[in-house]
Structures are given as C-alpha cells and as structure tokens.
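Asker:
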Amino acid sequence: MNFRRALVAAAGELVLPGFKNRAAAFGAPAGDRLARFNFLLARARAALPAYDAACAAALGGRAGLSSFEELPRLPAMSREDAAGYTGGALARLESGGTGCAGRVETRLDLEAVVARYAGLLAVLKSAGWDMGDKVAALHPVEYGYFNNLQGMLSAGQFGKAVFEFFQQYALYRLVHNRKNVYYDHRIFSEPGAARRLASAAAAERPRLLISRPDALMALLRSLRSPGGPVFRGLKAVLTVGTALGETVRREARERLGAEVFNMYASTELGYAALSCPASGEWLHSDEERHLLEEGPGGSLLATDLDNKLAPLLRYQTGDAGELARRSCACGRAGLQVRLKGRVKNFIETASGRLYESELIDKAFPSDLPFFQLDTAAGGLLLPPGAGEREAARVREALALPVGGYGLRAGESFKISSSGKFCHIL
Ligand SMILES: [Zn+2]
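In terms of numbering that gives the first Met the number 0, the sequence shown is residues 0 to 424.
Next comes the structure, spelled out in structure tokens:
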C-alpha cells in the first residue's frame with residue numbers, strides 16, 4: 000500500500016471526481032469533447048466582447064459548433080484576448096513565454112488546478128515514477144522560492160506566497176519526495192559549473208530527473224570528459240520544454256542509462272503532449288483534454304478543455320510544430336506532434352530554415368561550446384575565452400551564410416528572466 004498515493008488520490012477525488020483515473024494514464028478518456036468545448040466557448044464569449052463579436056460573425060449567429068470540422072472557422076485567441084479575463088481566481092500563473100515580449104497570466108479555479116495536478120501525476124507515471132520515488136528537479140536559481148518571496152510579499156501576493164510554499168515544500172518535497180537542485184547561467188559557459196550541477200544531481204540518487212532541455216544538455220556535455228559523477232538508479236529523465244533535439248535523448252540514454260520523456264507543457268495549457276520510448280521525435284498528444292491544430296506559418300494553436308474560469312480556445316501558442324495522425328511502435332495511434340521551437344526564432348541557412356530543436360540536433364553532438372545567434376541585432380555570442388576559431392566552426396557546422404553572424408566579442412549570453420537558455424534569440 001502506497002500511503003502517499005492513497006492520500007493524494009483521496010484528496011484529489013474530493014475536488015475533482017475522476018481524479019484517480021486522470022492521474023493513472025496520460026490522455027485518459029474525458030467524455031464528450033464537443034459539449035465541453037461548446038461550454039467553454041459560451042464562457043469565453045460571455046467574458047470577452049471582442050472575441051464574442053468575432054465568433055458571432057464566424058458562426059452566423061449560432062452559439063457553438065455542431066462538429067469539430069467547424070473549429071477552424073473560429074477566431075484564434077491571442078494573448079491580448081486572454082488578458083481580457085478578469086475576476087477572482089485561485090491561481091494566477093505568470094509565464095514569460097520564451098522569445099516573446101511581455102507576460103501572460105493564466106487564471107485557474109480550484110478544479111483546474113487539481114486537474115493540472117492529475118495531469119502531472121499521469122506524466123510522472125508514464126515516466127515510470129511512483130509516488131514517493133526520489134526525484135531531482137533541476138531549476139534555474141531565478142525560480143528559487145526564497146529568491147522570489149520578498150518580491151511576492153512586497154507586491155501583496157500573500158495567496159501566491161502560501162500557494163507556492165505549499166506546492167514546493169509540502170506537496171513536492173514531502174509527498175512526492177522531490178528535491179530541487181539549483182543552478183545559474185554559468186552552466187552554459189563554464190564546464191566546471193555544469194560538472195558541479197551534475198555531481199549535485201547525482202548525489203541525490205534520483206530515480207527520476209526533471210530538467211529543461213538546456214540544463215540537460217549542459218549536464219550531458221559535462222559528462223563527456225572522464226571522471227564525472229555516476230547516476231546510480233536513474234530510470235528516466237523528464238524534460239519540460241518545446242525544443243529538445245533527438246540527439247540529446249540519445250546521449251542521455253547512453254550516459255545516464257535513462258529514457259528521456261519529452262513533455263509539451265506550458266503555464267497556459269498544462270500538459271498537452273508526451274513522448275514515449277518508441278515515439279522518437281514525435282510526442283503523443285493528449286487529445287481528450289487538449290485540441291492541437293496547425294495555424295498559419297507553421298505555428299500551433301491549442302485549446303485547453305479543462306480551464307473553465309478563463310478558457311483558452313485555439314490559443315496562439317507561439318510554438319512551431321507539425322501534427323500528424325500516426326501509429327506508434329508502442330501500440331498507440333492518434334494525433335502526434337513534432338515540436339520545433341518558437342515560431343519567431345529561426346535562422347536561414349544554406350540548407351534551409353532551422354528552428355531551435357533542429358539546430359540542437361546539428362550542434363549538440365559536436366564539441367562546439369554553447370552559442371547564441373541573435374537574429375534581431377545580428378551576431379554570434381560565445382562563452383568567455385572562445386574566439387574567432389570557434390565562431391568559424393559554428394558557422395561551418397550550421398552552414399550559416401558567409402558574412403552573417405559576426406562574433407560579438409566581450410558580450411555574454413542573454414538568458415531570459417526565467418533563466419532559460421536559447422540558441423536563437
Ligand atoms: Zn508511443
């Protein structure tokens with residue numbers, strides 16, 4: 000008997016009937032999707048006048064869809080639309096949105112928070128984790144609770160301060176047995192810093208490691224030179240983020256002896272897709288609770304069927320990706336998604352357009368240092384100590400146009416306010 004699991008399941012069922020089933024399998028059946036969509040559409044239209052007018056024009060005066068074939072008729076929802084939701088919410092989650100200016104606030108009620116949590120448990124279960132198994136989560140130091148506490152309190156966000164304390168220290172630390180391991184941006188420029196992160200993570204002897212793709216890359220690279228720490232008992236790595244090169248998964252298997260599960264999740268949408276050991280660069284989409292569509296310019300539109308308080312319908316994610324109905328070697332068939340990176344962040348090369356994950360696949364297996372390409376201002380950023388020779392190797396490896404992306408010597412990497420490293424700015 001796993002008491003922690005039983006406790007969590009009982010608490011979850013109190014708030015959200017069906018919690019146990021949801022937590023047991025990623026994409027577990029959820030019932031009539033069209034009825035749920037139309038309910039959310041009515042809520043969104045009642046709350047957002049401009050969106051309502053656009054829907055009225057698209058549907059010829061009807062209240063909702065008669066089938067999902069009509070879905071592409073509806074207007075896509077932007078961040079500006081989503082900012083129109085007002086009123087109380089249990090949780091207001093802020094996300095920076097990699098590569099985007101400004102922040103967006105996602106508003107959730109208690110049921111949606113618990114639904115998100117069930118989604119997380121389903122993801123962890125798919126990765127082979129059971130409640131109480133040791134987890135190490137790599138976090139940029141910018142995310143540290145006590146680093147942000149003063150700011151939350153001085154902004155009068157007392158509810159948020161308590162909510163996050165509960166999440167990190169009661170739920171994750173005590174119930175999940177998760178330990179946060181913090182790092183700063185030096186892991187991308189100093190091999191010693193990345194090695195120390197690897198040692199600190201290995202010392203926790205986790206069964207599951209949770210990381211962003213960028214930190215996982217730094218950790219793996221630090222293990223390429225001999226004498227590094229050994230991850231004993233590690234079974235799986237869960238990466239959170241849109242851009243993970245397939246080459247990174249391969250090397251994680253080799254160096255950590257662990258399977259990498261790549262998750263498509265965001266503050267706005269929750270847990271929308273998850274890879275499996277057989278799915279390669281594709282991820283299984285959670286079709287029961289998320290609708291994914293290809294939008295203009297290769298961007299993804301997403302609908303979260305769980306958020307009743309502030310519904311996001313055909314929301315412009317800003318992520319670039321491809322969708323296909325395929326059957327997977329694991330036996331499951333259905334909608335799958337291949338993520339490329341942020342839709343705005345790409346470079347043109349002699350061999351075509353490259354997004355973040357495609358660039359990672361080209362650069363990661365080599366011994367090139369971490370680098371950044373600034374597409375707006377132009378130029379190539381390298382870690383301290385690297386110079387023209389490394390810059391030339393980067394340009395050659397990516398087949399960058401001759402004369403473009405000159406080295407900006409003496410400048411440091413640009414790290415987003417949430418501590419995220421991107422190759423393409
Ligand atoms: Zn599969």
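Ideal Cβ positions, reconstructed from N, Cα and C, are used throughout, including at glycine.
Look up Gly63 in the DSSP assignment and say whether it is helix, strand or coil.
Answerer: In this structure, Gly63 counts as coil in the three-state DSSP scheme.
Asker: Does the segment 331-345 come close enough to the segment 220-235 to have 3 or more Cβ pairs within less than 8 Å?
Answerer: As far as the Cβ criterion goes, the segment 331-345 does not touch the segment 220-235, which means the pair count is below three.
Asker: Report all residues from its chain with a CB closer than 6 Å to the CB of Leu304; omit the five preceding and five following residues, and keep chain order.
Answerer: The answer, listed in chain order, is Arg35 and Arg288.
Asker: What do you get for Pro139, buried or exposed, if any count of 16 or more other CB atoms within 10 angstroms of its CB means buried?
Answerer: Looking at its Cβ environment, which holds 16 or more other Cβ atoms inside 10 Å, Pro139 is buried.
Asker: What residue range does the alpha helix (DSSP H) around Tyr171 cover?
Answerer: Here Tyr171 belongs to no alpha helix (DSSP H), and DSSP marks it neither H nor E.
Asker: Suppose the cutoff is 7 Å on Cβ atoms and the five residues either side in sequence are ignored; what does the same chain contact list for Ala251 look like?
Answerer: Counting only Cβ-Cβ distances below 7 Å, and skipping sequence neighbours, we find Leu215, Leu219, Val236, Ala257 and Val259.
Asker: Starting from Ser298, trace the beta strand (DSSP E) both ways and give me its first and last residue.
Answerer: Counting along the chain, the beta strand (DSSP E) containing Ser298 begins and ends at Ser298 to Asp303.
Asker: So, at 6 Å on beta carbons, what are the nonlocal neighbours of Pro276 in its own chain, with the 5 sequence-adjacent residues on each side left out?
Answerer: Around Pro276: Glu258.
Asker: Determine the closest residue to Ser350 out of Ala323, Leu424 and Leu397, with distance taken between C-alpha atoms.
Answerer: Considering only alpha carbons, the answer is Leu397.
Asker: When the cut-off is 8 Å and only beta carbons count, does Arg115 lie next to chain B?
Answerer: Going by chain labels, chain B is absent from the structure shown, which holds only one protein chain.
Asker: When the Cα atoms are used, what is the spatial distance from Glu110 to Ala45?
Answerer: Taking the straight line joining both Cα atoms gives about 20 Å.
Asker: Taking the straight line between their C-alpha atoms, what separation do you get for Leu13 and Ala114?
Answerer: Those two C-alpha atoms are separated by around 12 Å.
Asker: Does the Cβ of Cys275 lie closer than 7 Å to at least one heavy atom of ligand 1?
Answerer: Indeed, a heavy atom of ligand 1 lies less than 7 Å from the Cβ.
Asker: What's the C-alpha gap between Thr97 and Asn20?
Answerer: Note on Thr97: pLDDT 45, under 50, position unreliable in the model; no value is reported.
Asker: Enumerated in chain order, which unbroken segments of the alpha helix (DSSP H) with a length of 4 residues or greater are wholly contained in the segment 284-367?
Answerer: Runs found: 355-362.
Asker: Around the Cβ of Gly384, are there at least 16 other Cβ atoms within 10 angstroms (buried) or fewer (exposed)?
Answerer: The residue is exposed, with fewer than 16 neighbouring Cβ atoms inside 10 Å.
Asker: Compute the Euclidean distance between the alpha carbons of Phe420 and Ala62, then round it to the nearest angstrom.
Answerer: Cα-Cα distance, rounded: 43 Å.
Asker: Under 6 Å Cβ to Cβ from Ala100, same chain only, skipping five residues before and after it: list those, please.
Answerer: Here Ala100 scores only 44 on pLDDT, less than 50, and its place in the model is too uncertain to base an answer on.
Asker: State the CB to CB distance for the pair Ala126 and Ala24, rounded to an integer number of angstroms; the pair is presumed to be in contact (CB under 8 Å).
Answerer: The pair is not a contact, with the Cβ atoms about 13 Å apart (cut-off 8 Å).
Asker: Closer than 8 Å is the cut-off here; do at least three beta carbon pairs connect the segment 323-339 with the segment 365-380?
Answerer: Taking 8 Å as the limit for Cβ pairs, the verdict is that the segment 365-380 does not touch the segment 323-339.
Asker: Under a Cβ-count criterion, where at least 16 other Cβ atoms within 10 Å of its own Cβ denotes burial, should Ala56 be classed as buried or exposed?
Answerer: The residue in question, Ala56, is exposed, as its Cβ has fewer than 16 Cβ neighbours within 10 Å.
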